[in-house]
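**Student:**
Protein chains: 2
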Amino acid sequence: MSTTAGTRTGEHSLFGWSLATLLREWSARVDAAADDLPQGTRGYQLLTAVVHGNLPSQAALATSLGIDRTVMTYLLDAFVDCGLVERRLDPADRRARRIVATDRGRAVLAAAEARVVAAEDELLTGLDPEQRALFRTLLEQAAVGTGPDADPCRTVVEATTPAPDAPRPQRSPRPASR
Amino acid sequence: MSTTAGTRTGEHSLFGWSLATLLREWSARVDAAADDLPQGTRGYQLLTAVVHGNLPSQAALATSLGIDRTVMTYLLDAFVDCGLVERRLDPADRRARRIVATDRGRAVLAAAEARVVAAEDELLTGLDPEQRALFRTLLEQAAVGTGPDADPCRTVVEATTPAPDAPRPQRSPRPASR
DNA sequence: TAAGATCATCTGCGAAACAGACGATTTGAC
DNA sequence: GTCAAATCGTCTGTTTCGCAGATGATCTTA
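Chains as they are written, first to last, in the working numbering: chain A, 4 to 181; chain B, 4 to 181.
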């Protein structure tokens, strides 16, 4: 088991495996670090998005986190029940709810974030501190470039792929226009 | 993408969001690029591990991919039905099955890999080529350092995984009434 | 040889995701 | 101004999926 999973056999891409492995491990550690939040890792991500994300509606929140709106509903229910966030009516659009964190929500998040940052740093033990900073920068840059808000003009798959007839079968990144 | 998802509010960590976003997008593209494999992205990862991973048993395959053994069983069933892999008895341990790819499996994987590599490169449009190479290197290095094969002496969280009494106070998402 | 651990499989249960419909509201066309 | 279409959040129902547990086969050890 010493050399198994990652190393073998030349130069095929370990990109996906590495990404999945890293996220899995991150998720496990965040689950442990943020166990005072509902829904574990996902709850942490949600609260982070609520506090720092500046997203106008539940739908925006959902697409930013890559989850379904119907899931967002009961996810937020749990947070409201815990007194961590509030649903307020958006005066500009009375269909939408504006999600804001309570004081307690912000405090809980801050405490969790401190633990998560420590866990993240520990997660990246394979890199020395200088590399860690660089890695974080590159990662964020890459993600912002492809996230749900990415430039819609930069069409994606069909350029280099012999995509049959379903170029983008799922997931249309429709950010609210701006 | 100017104001929405990721950028806001100073210096909290976007690490988890970036990781999840990138993996989600990667997964979507691989789903499209490897749609001739069972189980989409997961199937691609499985076949990659079978061909390049040199893993001795289903269990090793499962832990490397972070999935359950019981899932691995029917996942492999699908691949065997498609004639992409075979289960062979391990002569050294007749409990275990040694999973090997068929010729066709290797060919299908090779074709898929070509498409996936292109998709990955396209995924990283936010980085220039030099940064991409660096990012891949750092990512793999970080993942190998924390993966299922990482040095068990410096591990941290593994202890929490099997813990039966682990603090997981809030569970049910509550289909709350309101 | 016996007891315990490990590998792969199967069964059943519970949870989670997804599609669809609904009322409320906004937007756009005419 | 009116009407149709789209959007937001919610709820319902279906179905899929992961996970715990038990089982038979095999290896390991004492």
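Glycine included, each C-beta is placed from N, C-alpha and C at the ideal position.
At a Cβ threshold of 7 angstroms, is A:T76 touching chain B?
**Tutor:** The residue you call residue 76 of chain A lines up with position 73 of the first sequence. Taking Cβ atoms only, chain B never reaches closer than 7 angstroms to A:T76, which makes this a no.
**Student:** Please list the segments of the beta strand (DSSP E) lying wholly inside the region 70-120 of chain A, counting only runs of 3 or more residues, in order along the chain.
**Tutor:** The region 70-120 of chain A contains these whole beta strand (DSSP E) runs: 88-92 and 100-104.
**Student:** Which residues, taken in chain order from the region 134-149 of chain B, show a beta carbon closer than 9 angstroms to some beta carbon of chain A?
**Tutor:** Listed by position, the residues of the region 134-149 of chain B near chain A (Cβ gap below 9 angstroms) are Q134, R135, L137, F138, R139, L141, L142, E143, Q144, A145, A146, V147, G148 and T149.
**Student:** Does chain A have any CB closer than 7 angstroms to the CB of B:F82?
**Tutor:** The residue given as residue 82 of chain B occupies position 79 in the second sequence. It does not; no Cβ of chain A falls within 7 angstroms.
**Student:** From the beta carbon of A:T73, is the nearest beta carbon of chain B less than 7 angstroms away?
**Tutor:** For the purposes of this step, residue 73 of chain A is taken as residue 70 along the first sequence, with counting starting at 1. Chain B contact via Cβ: absent.
**Student:** Please find out if some non-hydrogen atom of the ligand MG comes closer than 6 angstroms to the beta-carbon of A:E125.
**Tutor:** No copy of the ligand MG appears in this structure; indeed no ligand is present at all.
**Student:** Three or more C-beta pairs closer than 8 angstroms, one from the region 36-53 of chain A and one from the region 83-93 of chain A: is that the case here?
**Tutor:** Result yes; three or more Cβ-Cβ pairs closer than 8 angstroms.
**Student:** Between which two residues does the alpha helix (DSSP H) harbouring B:R60 extend?
**Tutor:** Translated into positions along the second sequence, residue 60 of chain B becomes position 57. Arg is not the amino acid found at residue 60 of chain B; the sequence shown has Ser there. Where B:S60 is concerned, there is no enclosing alpha helix (DSSP H), given that its DSSP letter is neither H nor E.
**Student:** Please state the DSSP three-state secondary structure of B:T128.
**Tutor:** Within the second sequence, the letter at position 125 stands for residue 128 of chain B. B:T128: coil per DSSP, three-state reduction.
**Student:** Taking B:L142 as the reference, which of A:R118, A:A110 and A:T128 has the closest Cα?
**Tutor:** In the second sequence, counting from the first residue as 1, residue 142 of chain B sits at position 139. When each option's Cα is compared against that of B:L142, the closest is A:T128.
**Student:** Output, in chain order, the set of chain B residues within a Cβ distance shorter than 9 angstroms of A:V119.
**Tutor:** Residue numbering aside, residue 119 of chain A sits at position 116 when the first sequence is read from its first letter. What A:V119 touches in chain B: S16, F18 and G19.
**Student:** Rounded to whole angstroms, what is the Cα-Cα separation between B:S67 and A:A95?
**Tutor:** Counting from one through the second sequence, the residue named residue 67 of chain B turns up at place 64. Counting from one through the first sequence, the residue named residue 95 of chain A turns up at place 92. One C-alpha to the other measures close to 50 angstroms.
**Student:** Between which two residues does the alpha helix (DSSP H) carrying B:S30 extend?
**Tutor:** The residue labelled residue 30 of chain B in the question sits at position 27 within the second sequence. It spans F18 to A36 - the alpha helix (DSSP H) in which B:S30 sits, taken as one unbroken run.
**Student:** For A:A31 and B:R72, what's the separation of their Cα atoms in angstroms?
**Tutor:** Position 28 of the first sequence holds residue 31 of chain A. Position 69 of the second sequence holds residue 72 of chain B. Computed Cα separation, rounded: 19 angstroms.
**Student:** Taking the alpha-carbon positions, what's the B:L79 to B:R97 distance?
**Tutor:** Taking the first residue of the second sequence as 1, we reach residue 79 of chain B at position 76. Taking the first residue of the second sequence as 1, we reach residue 97 of chain B at position 94. Roughly 18 angstroms between the two C-alpha positions.
**Student:** Indicate whether at least one CB of chain B lies closer than 7 angstroms to the CB of A:R107.
**Tutor:** As a working mapping, residue 107 of chain A is identified with position 104 in the first sequence. It does not: the Cβ of A:R107 has no partner Cβ on chain B nearer than 7 angstroms.
**Student:** If you run the structure through DSSP and keep just helix, strand and coil, what is B:R157?
**Tutor:** Counting from one through the second sequence, the residue named residue 157 of chain B turns up at place 154. Here the model assigns B:R157 a pLDDT of 44, short of 50, so the residue's position is not dependable, and the following value carries that caveat. Note: B:R157 maps to helix in three-state DSSP.
**Student:** Can you name, in chain order, every residue of its own chain whose Cβ lies under 8 angstroms from the Cβ of B:V120, other than the five neighbours on each side?
**Tutor:** In the second sequence, counting from the first residue as 1, residue 120 of chain B sits at position 117. Closer than 8 angstroms at Cβ, skipping near neighbours: no residue.
**Student:** Could you tell me whether the region 47-57 of chain B touches the region 46-57 of chain A, where touching means 3 or more Cβ pairs closer than 8 angstroms?
**Tutor:** No: fewer than three Cβ pairs fall under 8 angstroms.
**Student:** For B:L26 versus A:L137, is the C-beta distance shorter than 7 angstroms?
**Tutor:** Translated into the one-based positions of the second sequence, residue 26 of chain B becomes position 23. Translated into the one-based positions of the first sequence, residue 137 of chain A becomes position 134. No, these two residues do not count as a Cβ contact at 7 angstroms.
**Student:** Helix, strand or coil: how does DSSP classify B:Q42 here?
**Tutor:** For this step, residue 42 of chain B is matched to residue 39 along the second sequence. Coil, per DSSP.
**Student:** Measuring alpha carbon to alpha carbon, tell me which residue in A:A37, A:A99 and A:Q61 is nearest A:A113.
**Tutor:** If you number the first sequence from 1, residue 113 of chain A lands on position 110. Per the Cα distances, A:A37.
**Student:** At a Cβ threshold of 7 angstroms, is B:R27 touching chain A?
**Tutor:** Mapped onto the second sequence, residue 27 of chain B falls at position 24. B:R27 counts as touching chain A.
**Student:** If you count every other CB in all the chains shown that lies within 10 Å of the CB of A:D106, and 16 or more means buried, which is it?
**Tutor:** Within the first sequence, numbered from 1, the residue matching residue 106 of chain A stands at position 103. Exposed.
**Student:** Got a sec: is the Cβ-Cβ distance from A:G129 to anything in chain B below 7 angstroms?
**Tutor:** Taking the first residue of the first sequence as position 1, residue 129 of chain A is located at position 126. True, the Cβ-Cβ gap to chain B drops below 7 angstroms.
**Student:** Return no unless some Cβ of chain B is closer than 7 angstroms to the Cβ of A:G86.
**Tutor:** Position 83 of the first sequence, counted from the start, is the residue given in the question as residue 86 of chain A. Closer than 7 angstroms: no.
**Student:** Would B:R135 be called buried (16 or more neighbouring beta carbons within 10 Å of its own) or exposed?
**Tutor:** Counted from its first residue, the second sequence places residue 135 of chain B at position 132. Its Cβ being crowded by 16 or more others within 10 Å, B:R135 is buried.
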